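S.K.: One structure follows; several queries about it will come next.
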Amino acid sequence: MKYFFMLIPLLWIVSCTNPASTEPETTNSETTRVLTVEARPSAIPADGISHMTIFVEYRIDGLPVEDSTRVILLNPMGVLAAGTVFTTNGVALDTLTADSAAGLGWLIVYADGLRDSTEIMFTENTP
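Residues 129 to 255 in my numbering are what the sequence shown lists, from first letter to last.
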């Protein structure tokens, strides 16, 4: 009987420190943000008239970002129609008009601290 009374407090202590807790576990979850840019087509004649569509996609954890998220585009060759565009269903579009000089250019996009870039080609304009 003496051991029985000693066993009760021990069982109570063990039950309070049970590793099978009902508390939800907190996990260290980080969001995955992906910003991509494509030029379609990737090469156009350097005639000052031709144009390409700039396609930007921005996703967080695989889902499109909120509409109207700002995307900034920068380039050294050619002329962007807007330069700053806003997303719709995670997609933003702009138009780049060709430069008059042939060569390899690039395009950089920024959104919420993320950056991506792509190369664009302006080919010789042959008559």
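Quick reminder that beta carbons are idealized off the backbone N, C-alpha and C, glycines included.
Values in this document were obtained by computation on a predicted structure and should not be read as measured data.
How is the beta strand (DSSP E) around I177 delimited, first residue to last?
M.R.: Run containing I177: none; DSSP gives neither H nor E here.
S.K.: Quick one: what's E247 bridged to in DSSP?
M.R.: DSSP output for E247 lists W234 as bridge partner(s).
S.K.: Buried or exposed: where does T216 fall if 16 or more other Cβ atoms within 10 Å of its Cβ makes it buried?
M.R.: It is exposed - the Cβ of T216 has fewer than 16 other Cβ atoms within 10 Å.
S.K.: Determine the DSSP secondary structure at W215, reduced to helix, strand or coil.
M.R.: For clarity, residue 215 is Thr in the given sequence; the question names Trp instead. T215 falls in the coil class under three-state DSSP.
S.K.: Please report the Cβ distance between E194 and T164, rounded to the nearest whole angstrom; I am assuming they are in contact, meaning their Cβ atoms lie under 8 Å.
M.R.: Contact flag wrong, Cβ pair sits at about 17 Å.
S.K.: Would you mind stating whether A167 and A226 have Cβ atoms separated by less than 8 Å?
M.R.: Result no, Cβ atoms of A167 and A226 do not sit closer than 8 Å.
S.K.: Which residues does DSSP list as the beta-bridge partners of D189?
M.R.: D189 pairs with nothing; no bridge assigned.
S.K.: So, at 8 Å on beta carbons, what are the nonlocal neighbours of G233 in its own chain, with the 5 sequence-adjacent residues on each side left out?
M.R.: Counting only Cβ-Cβ distances below 8 Å, and skipping sequence neighbours, we find N203, P204, M205, G206, D227, E247, I248, M249 and F250.
S.K.: Using C-beta distances below 8 Å, list every residue in its chain close to A229, excluding the 5 sequence neighbours before and after it, in chain order.
M.R.: Hits under 8 Å: A174, M205 and F250.
S.K.: Measuring only the C-alpha atoms, how far is L242 from G211?
M.R.: Answer to the nearest angstrom: the Cα atoms are 16 Å apart.
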